[in-house]
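Have a look at the structure below before the remarks.
Protein chains: 2
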Amino acid sequence: MADSTRFILVNTSHAGNVGAAARAMKVMGFTDLVLVQPRFPDVLVQEETVAMASGAADVLVRARVVPTLADALDGITWACATAMTPRDFGPPTFAPRPHFESLVGTGHRVALVFGPERTGLSNEDVYRCHACLSIPAEPAYGSLNLAQAVQVLAYEWRQALGGYAVQPRTAEPQWADGVAVQGALTHWQGVLERIGFLDPVAPKKLMPRLNQLLNRAQLTQEEVHILRGIARAVDGRPQQK
Amino acid sequence: MADSTRFILVNTSHAGNVGAAARAMKVMGFTDLVLVQPRFPDVLVQEETVAMASGAADVLVRARVVPTLADALDGITWACATAMTPRDFGPPTFAPRPHFESLVGTGHRVALVFGPERTGLSNEDVYRCHACLSIPAEPAYGSLNLAQAVQVLAYEWRQALGGYAVQPRTAEPQWADGVAVQGALTHWQGVLERIGFLDPVAPKKLMPRLNQLLNRAQLTQEEVHILRGIARAVDGRPQQK
Numbered sequence: 048m049a050d051s052t053r054f055i056l057v058n059t060s061h062a063g064n065v066g067a068a069a070r071a072m073k074v075m076g077f078t079d080l081v082l083v084q085p086r087f088p089d090v091l092v093q094e095e096t097v098a099m100a101s102g103a104a105d106v107l108v109r110a111r112v113v114p115t116l117a118d119a120l121d122g123i124t125w126a127c128a129t130a131m132t133p134r135d136f137g138p139p140t141f142a143p144r145p146h147f148e149s150l151v152g153t154g155h156r157v158a159l160v161f162g163p164e165r166t167g168l169s170n171e172d173v174y175r176c177h178a179c180l181s182i183p184a185e186p187a188y189g190s191l192n193l194a195q196a197v198q199v200l201a202y203e204w205r206q207a208l209g210g211y212a213v214q215p216r217t218a219e220p221q222w223a224d225g226v227a228v229q230g231a232l233t234h235w236q237g238v239l240e241r242i243g244f245l246d247p248v249a250p251k252k253l254m255p256r257l258n259q260l261l262n263r264a265q266l267t268q269e270e271v272h273i274l275r276g277i278a279r280a281v282d283g284r285p286q287q288k
Numbered sequence: 048m049a050d051s052t053r054f055i056l057v058n059t060s061h062a063g064n065v066g067a068a069a070r071a072m073k074v075m076g077f078t079d080l081v082l083v084q085p086r087f088p089d090v091l092v093q094e095e096t097v098a099m100a101s102g103a104a105d106v107l108v109r110a111r112v113v114p115t116l117a118d119a120l121d122g123i124t125w126a127c128a129t130a131m132t133p134r135d136f137g138p139p140t141f142a143p144r145p146h147f148e149s150l151v152g153t154g155h156r157v158a159l160v161f162g163p164e165r166t167g168l169s170n171e172d173v174y175r176c177h178a179c180l181s182i183p184a185e186p187a188y189g190s191l192n193l194a195q196a197v198q199v200l201a202y203e204w205r206q207a208l209g210g211y212a213v214q215p216r217t218a219e220p221q222w223a224d225g226v227a228v229q230g231a232l233t234h235w236q237g238v239l240e241r242i243g244f245l246d247p248v249a250p251k252k253l254m255p256r257l258n259q260l261l262n263r264a265q266l267t268q269e270e271v272h273i274l275r276g277i278a279r280a281v282d283g284r285p286q287q288k
């Protein structure tokens, strides 16, 4: 199912931001980009835009350029402004996470609306929106780059929509069971006694401490073999097959 | 309290990414940046770096350049690699949100480690880390720009650490109470009867429907005044003070 979320960039100045925004959208599975009166009418085909879009050129190809935000809102039933500037009145301000959670399942067709880099959205455009989203940030600094804001909101909205699975990058570990771990510990206990590190008459808490260390480490079967191989080597015996 | 989280960029190629990463960190309240053998040794003072850092030049000034990841991990007790490439073995892979939630309150000094733009982290560097973080993304595309990945993880980690408050951008609304809303409805009911839109003999569900609309709209006191002013104007009476 094609996702219906729209990303709207109003009066964007920097070609790099348009390209980076396209990539930020696509990596989160969104493809509907609309530009409202960008500074450069040919921004979608500028070299820097295409370079920053990386593999998201198809988002640029499908993007539309329209003259006003009102034109960009066709089919949209819930428009979220990103706005930092205080104003007399306007839609209520929310952090993205709780707002997106409340928006899931409402059936709304959602747009995320981003203003110009320097000035942010005009009052007139904010009034067209249903909610203001504010990415919680360090109060003394507080301003995300445009493309970074697109990335954070695309990520948060995708998470709210159910997200993507994380692919493990390694094979499933073959965990060692309790018998294997205790076998390694017993093996090492003998070695430690023979090398004079562990006094069997006054063992203190050495073995339970090592047991805790190994439990915390969550040994694999391979690692049990390694630890027992080292124990054998310490004992001076040739390593057995 | 200064935050102890460290951001480590390994073999970064693009000056713009270093600058954008500094800004992405600072906007989330992080300031400890370490570069491991960047492509350009002077990357911290290059023009593009400083331009992309915007107001985060202080992060660049304080940043260190070191020769290996091992050098960058002084004081760090939990290193999170960001890694996409499958490998034979290595730390377990997590989505950032649940991993960060489990990391809060452990007392660890955390580093987030980012690899080179094209190739990602080497196996040797991944093995130095305690966890692999994978930002869940569209499987068919799937690769965030380096600075975007820094922004998403800085944001998620800050959220896990308790986050920042969202500042409302407008004054607290003066909500209209039930009496005010019913007053406006009764006023409009009379107007609608006089203009022939509402038949008092067969009112159907018009007034309850308008009541629901107004409840959903959550009227302010100011808006009640506006709606009653319009009702008066429809009636042809001059607007009263």
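Sequence order for the protein chains is A and F. So for the first sequence, the numbering used here puts the first residue at 48; every next one is plus one. So for the second sequence, the numbering used here puts the first residue at 48; every next one is plus one. Note that beta-carbon positions come from the ideal geometry of N, C-alpha and C, so glycine has one too.
For residue i, the residue or residues it bridges with in DSSP
i, result
"A:W125", "A:V157"
"A:I55", "A:V81 and A:V160"
"F:C179", "F:A128 and F:T140"
"F:T267", "F:W222"
"F:V318", "Absent from the model: residue 318 of chain F. The displayed extent of chain F is 48 to 288, so no value can be given."
With 16 other Cβ atoms within 10 Å as the buried cut-off, status of residue i
i, result
"A:F244", "exposed"
"A:V199", "buried"
"A:G122", "exposed"
"F:G237", "exposed"
"F:L261", "buried"
"A:A68", "buried"
"A:T124", "exposed"
"F:D79", "buried"
"A:G276", "exposed"
"F:R241", "exposed"
"F:I273", "exposed"
"F:V92", "exposed"
"F:G209", "exposed"
"F:V108", "exposed"
"F:P143", "buried"
"A:G66", "buried"
"F:A194", "buried"
"A:G167", "buried"
"F:P255", "exposed"
"A:R165", "exposed"
"F:D105", "exposed"
Residue i at chain F interface by Cβ criterion, 7 Å
i, result
"A:Q268", "no"
7 Å Cβ cutoff, residue i in contact with chain A
i, result
"F:M48", "Unreliable positioning characterises F:M48 in this predicted model, as indicated by a pLDDT of 42, which lies under 50. A coordinate reading is not provided."
Task: chain F contacts from the segment 120 to 141 of chain A (Cβ-Cβ distance under 9 Å) - done: A130, M131, T132, P133, R134, D135, F136, G137, P138, P139, T140 and F141
Open item on the list: Beta carbons nearer than 8 Å to chain F: which residues of the segment 211 to 230 of chain A have them?
Closed with: Residues of the segment 211 to 230 of chain A with a C-beta atom less than 8 Å from some C-beta of chain F are Y211, A212, V213, Q214, P215, R216, T217, A218 and P220, listed in chain order.
- [ ] Report yes or no: do three or more beta-carbon pairs, one from the segment 110 to 117 of chain F and one from the segment 132 to 148 of chain F, lie closer than 8 Å?
- [x] no
Open item on the list: I'd like to know if the segment 168 to 182 of chain F and the segment 123 to 131 of chain F are in contact, where contact means that at least 3 CB-CB pairs between them fall below 8 Å.
Closed with: yes
- [ ] Report the residues of the segment 170 to 198 of chain F with a CB closer than 8 Å to any CB of chain A, ordered along the chain.
- [x] Flagged, chain order: C179, S181, I182, P183, A184, E185, P186, Y188, G189, S190, L191, N192, A194, Q195 and Q198.
Open item on the list: Whether or not the segment 216 to 227 of chain A and the segment 267 to 274 of chain A are in contact is what I'm after, with contact meaning three or more pairs of Cβ atoms, one per stretch, closer than 8 Å; do they touch?
Closed with: yes
TODO: Give, in chain order, every residue of the segment 67 to 94 of chain A whose Cβ lies closer than 7 Å to some Cβ of chain F.
DONE: A67, R70, A71, K73, V74, M75 and G76
Open item on the list: Using a Cβ-Cβ cutoff of 9 Å, what residues of the segment 99 to 115 of chain F are near chain A? List them in chain order.
Closed with: M99, S101, G102 and A103
Task: the segment 65 to 72 of chain A / the segment 159 to 175 of chain F touching (three or more Cβ pairs under 8 Å) - done: no
Open item on the list: Quick test of the definition: if touching needs 3 or more C-beta pairs under 8 Å, does the segment 146 to 156 of chain F touch the segment 199 to 213 of chain F?
Closed with: yes
- [ ] Could you tell me whether the segment 77 to 87 of chain A touches the segment 52 to 62 of chain A, using the rule of 3 or more Cβ pairs below 8 Å?
- [x] yes
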